[in-house]
Amino acid sequence: MKMWLKVVLVLVVVGIIAAIGLYIYINKPNKDIETAKTEYTLKADDIYKEYSANKAKADSLYNGKVIEISGNFSKIDAPSDTLVVAIFTQKQDTTNKAKSDDPFADLGGDIRCTMLQKYIAETKKLVPETAVKIKGLCNGMNGADLIFEKCSIVK
Amino acid sequence: MKIVLRLIIVLMMLSSSVFAQKYMTKNGKITFNSDAPMEKIEGKNNQVKVIVDATTGDLAFQVLITSFEFKQALMQEHFNENYMESPKYPNSTFKGKITNAKDINFTKNGKYNAVVEGDLTIHGVTKKVKENGSIEVKDGKVSVNSKFNIAIKDYKISIPGAVAGKIAESVQIVVDATLEALKK
């Protein structure tokens with residue numbers, strides 16, 4: 113085989129491998145939170161208290177982490193068949209409420225867990241005020257609410 | 670005595686329906702589209718807080734930036750880390766008024782045009798905006814819908830040169846939220 117042909121072949125092979133690699137990199141799927149390793153296991157009330165006490169510290173510890181929380185499940189919000197949110201209602205410090213100009217002050221604070229599609233049926237069967245363990249991706253605070261996404265029920 | 674009691678109950682029911690003037694949801698939906706020639710980018714957020722005060726016309730939104738979901742993990746990473754800098758600016762908010770709130774009857778089924786004016790904060794930058802939308806009242810529920818465009822440079826969101834062609838300069842924001850009367 114001629115030298116130049118070898119060089120061209122090698123370049124073509126390298127190019128194809130690089131293109132495949134780039135394609136995989138760009139299209140890498142979203143992390144599977146259900147099977148991902150749990151980084152923290154906490155009581156629902158405790159993690160909420162940590163965010164309330166020192167948001168910056170809690171943000172740096174927990175945002176973007178896979179966390180298992182356990183506590184007394186309060187209720188669900190089910191605005192559509194494909195969107196079900198499990199809620200752990202949190203006690204609010206209402207002493208400063210009158211002074212607050214926060215338009216959302218009346219809405220209170222929850223831990224809100226958007227459930228994965230495959231857990232929707234099971235979530236709808238949860239009994240309020242019973243102990244539930246939920247695993248999900250912690251996204252941090254939206255006002256007084258602590259948001260978890262891609263959640264599953266841990267048995 | 671019984672009549673007095675009945676009267677009180679009827680009055681209480683009336684007053685609660687008259688004074689239940691705030692509507693809210695914590696599951697509003699915001700979608701944004703960047704329709705550039707190279708690539709279509711779409712992000713969805715289903716955990717948007719919305720509150721409307723029917724008497725004053727006050728309207729507020731609160732969005733957690735990290736809750737926007739994308740088809741590709743890499744897009745979500747870039748969105749949070751490079752463009753929106755969500756660790757630094759975790760929330761976007763809107764605080765304003767429905768300027769024609771008087772024309773909207775929140776107790777009667779129907780679809781109304783709404784003009785909304787106020788402060789939109791994205792990426793730590795606050796801008797005065799005025800947008801059109803619609804409010805639909807159906808059986809006590811209030812749907813808020815709006816579609817508008819924002820220029821990303823207005824909010825100091827910088828796009829690196831390498832991908833500048835991929836991302837449109839104007840991004841379409843679609844708001845779709847169904848609110849329920851706030852129970853006290």
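Residue numbers (my numbering), protein chains in the order written: chain A, 113 to 267; chain B, 670 to 853.
Note that beta-carbon positions come from the ideal geometry of N, C-alpha and C, so glycine has one too.
Taking a Cβ distance cut-off of 8 Å, strictly less, list which residues of the segment 212-233 of chain A are near chain B, in chain order.
Within the segment 212-233 of chain A, the qualifying residues are Pro215, Phe216, Asp218, Leu219, Asp222, Arg224 and Thr226.
Shorter than 8 Å, the distance from the beta carbon of aspartate 171/A to the closest heavy atom of the ligand FMN, or not?
The ligand FMN is absent from the structure shown, which contains no ligand whatsoever.
Out of Arg675/B, Asn696/B and Gln690/B, which one is the CA nearest neighbour of threonine 847/B?
When only C-alpha atoms are compared, the closest one is Asn696/B.
If you draw a straight line from the alpha carbon of alanine 742/B to that of alanine 729/B, how long is it in whole angstroms?
Distance between the alpha carbons of alanine 742/B and alanine 729/B is about 30 Å.
Using only the alpha-carbon positions, how far apart do threonine 150/A and isoleucine 265/A sit?
Answer to the nearest angstrom: the Cα atoms are 13 Å apart.
Based on the DSSP secondary-structure assignment, which residues constitute the bridge partners of glycine 787/B?
Answer is Gly765/B and Val798/B.
Do aspartate 171/A and tyrosine 160/A come within 9 Å of each other at the CB atom, strictly closer than that value?
Not in contact: tyrosine 160/A and aspartate 171/A (Cβ atoms no closer than 9 Å).
According to the Cβ coordinates, are isoleucine 804/B and isoleucine 767/B closer than 9 Å?
In this structure, isoleucine 767/B lies closer than 9 Å to isoleucine 804/B by Cβ.
Less than 7 Å between C-beta atoms, sequence neighbours within five positions excluded: which residues of the same chain meet that for serine 686/B?
Low confidence applies to serine 686/B: its pLDDT is 49, below 50, so where it sits in the model is not reliable enough to give any reading.
Just the C-alpha distance for asparagine 782/B and lysine 799/B, rounded to the nearest angstrom, thanks.
Rounded to the nearest angstrom, the two C-alpha atoms are 13 Å apart.
Quick one: Cα of methionine 115/A to Cα of isoleucine 128/A, how far?
One C-alpha to the other measures close to 20 Å.
Touch check for the segment 227-245 of chain A and the segment 191-204 of chain A: three-plus C-beta pairs under 8 Å?
With the cut-off at 8 Å, the segment 227-245 of chain A and the segment 191-204 of chain A touch.
Applying a beta-carbon distance threshold of less than 9 Å, which residues of chain B neighbour glutamate 241/A?
None at all; the shortest Cβ gap to chain B is about 19 Å.
Quick one: Cα of glutamate 146/A to Cα of asparagine 714/B, how far?
The straight-line gap from Cα to Cα measures roughly 20 Å.
Tell me whether valine 844/B sits in a helix, a strand or coil according to DSSP, three-state version.
Of the three classes helix, strand and coil, the one that applies to valine 844/B here is strand, per DSSP.
Can you confirm whether proline 756/B, when its beta carbon is compared against all beta carbons of chain A, has any partner nearer than 9 Å?
Cβ-Cβ to chain A under 9 Å: yes for proline 756/B.
Taking Cβ positions, are aspartate 722/B and lysine 691/B nearer each other than 9 Å?
In contact: aspartate 722/B and lysine 691/B (Cβ atoms closer than 9 Å).
Quick one: what's leucine 195/A bridged to in DSSP?
Its beta-bridge partners are Ser192/A.
What does the alpha-carbon distance come out to for the pair isoleucine 138/A and isoleucine 836/B?
Roughly 15 Å between the two C-alpha positions.
What does asparagine 166/A touch in chain B if you count any residue whose Cβ is under 9 Å from its own?
Those within 9 Å of asparagine 166/A in chain B number zero; the least Cβ separation is about 15 Å.
Taking 9 Å as the threshold (C-beta atoms), are glycine 248/A and cysteine 88/A in contact?
Residue 88/A lies beyond the stretch modelled for chain A, which goes from 113 to 267, so this question has no answer here.
Determine whether the beta carbon atoms of glutamate 261/A and serine 736/B lie at a separation below 9 Å.
Closer than 9 Å, so yes.
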